[in-house]
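Visitor:
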């Protein structure tokens, strides 16, 4: 079945640095979603991408929908301590409405 | 986007008992889902909660273990039955509303002792 391969698994960076993470799949996705999960909370949607090649920003976050429709990346610029959390990519499986999730990227920010 | 209230937020249960988790959405939504997140892992879809009919379960999840109700377009429950320590996880409900927005409840952290 479809799978999302997310990397890196974790990152430990200095406050102020930029961060990049990505998701790839062997299958085509029509939608890419990026979520952040804080400890003890459910995932919160950061950015939604609906079109191949689309580049979308949300504050310091920028995400792109790969032209092949098989990948997406999320960039965080000028990281701050509250960026700490787990970031997940997700997409609807097999053209259904059922979301599958990547394995997550755990981000730690050193003040 | 829809706001989801999920409860309880956490519980500690004895093995062999059951826990029912409730999910209330502040608006009518077309689809509701239940996920499991095992410690340190990603989210895995358990089932789609169908309004007025039986839930649709994913491979590896069965109705006897995870009965689900969805009596209307704003409410659903998940029961985790005959608990064992392996059921210790975070359980999350999700709703898909207008457009393609998927929102999540804050999760229920279950510990089985």
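Residue numbers (this note's numbering), protein chains in the order written: chain G, 1 to 111; chain U, 1001 to 1113. Glycine included, C-beta positions come from ideal geometry on N, C-alpha and C. The structure displayed is predicted, hence computed values, not measured ones.
What does a CB cutoff of less than 7 Å around residue 1016 of chain U pick up in its chain, not counting 5 residues either side in sequence?
Guide: For residue 1016 of chain U, where only same-chain residues beyond five positions count, the Cβ hits under 7 Å are 1082 and 1083.
Visitor: Taking C-beta to C-beta, are residue 31 of chain G and residue 92 of chain G nearer than 8 Å?
Guide: The answer is yes: Cβ separation under 8 Å.
Visitor: Determine which residues share a DSSP beta bridge with residue 91 of chain G and list them.
Guide: Residue 91 of chain G is bridged to G/100.
Visitor: Please say whether residue 1093 of chain U and residue 1101 of chain U have beta carbons closer to each other than 8 Å?
Guide: Taking 8 Å as the Cβ cut-off, residue 1101 of chain U and residue 1093 of chain U do not qualify as a contacting pair.
Visitor: Classify residue 1071 of chain U as helix, strand or coil using the three-state DSSP reduction.
Guide: Strand, per DSSP.
Visitor: For the stretch 61-76 of chain G and the stretch 3-21 of chain G, state whether three or more C-beta atom pairs, one from each stretch, are separated by less than 8 Å.
Guide: Yes: at least three Cβ pairs fall under 8 Å.
Visitor: Out of U/1061, U/1050, U/1008 and U/1047, state which residue places its alpha-carbon closest to the alpha-carbon of residue 1109 of chain U.
Guide: Of U/1061, U/1050, U/1008 and U/1047, the residue nearest in Cα terms is U/1008.
Visitor: I'd like to know whether the C-beta of residue 1061 of chain U is nearer than 8 Å to at least one C-beta of chain G.
Guide: No, residue 1061 of chain U does not count as interfacial toward chain G.
Visitor: Hey, does residue 87 of chain G have any beta-carbon neighbour from chain U nearer than 8 Å?
Guide: Chain U, which has no Cβ nearer than 8 Å to the Cβ of residue 87 of chain G, makes this no.
Visitor: Would you call the stretch 47-64 of chain G and the stretch 97-106 of chain G in contact, with 3 or more CB pairs under 8 Å?
Guide: Too few Cβ pairs lie closer than 8 Å, so no.
Visitor: Where residue 1064 of chain U and residue 9 of chain G are concerned, what is the direct C-alpha to C-alpha distance, given to the nearest angstrom?
Guide: Each residue's alpha carbon lies about 35 Å from the other.
Visitor: DSSP puts residue 55 of chain G in a beta bridge; with which residues?
Guide: Note: residue 55 of chain G sits in a beta bridge opposite G/64.
Visitor: Which bits of chain U does residue 42 of chain G rub up against, with CB to CB less than 7 Å?
Guide: By Cβ distance, chain U contributes 1092, 1104, 1105, 1106 and 1107.
Visitor: Taking residue 91 of chain G as the query, report the chain U residues whose CB atoms sit under 9 Å from its CB, ordered along the chain.
Guide: By Cβ distance, chain U contributes nothing, its closest Cβ being about 11 Å from residue 91 of chain G, past 9 Å.
Visitor: Of all the CB atoms in chain U, is at least one closer than 8 Å to the CB of residue 103 of chain G?
Guide: At least one chain U Cβ lies under 8 Å of residue 103 of chain G.
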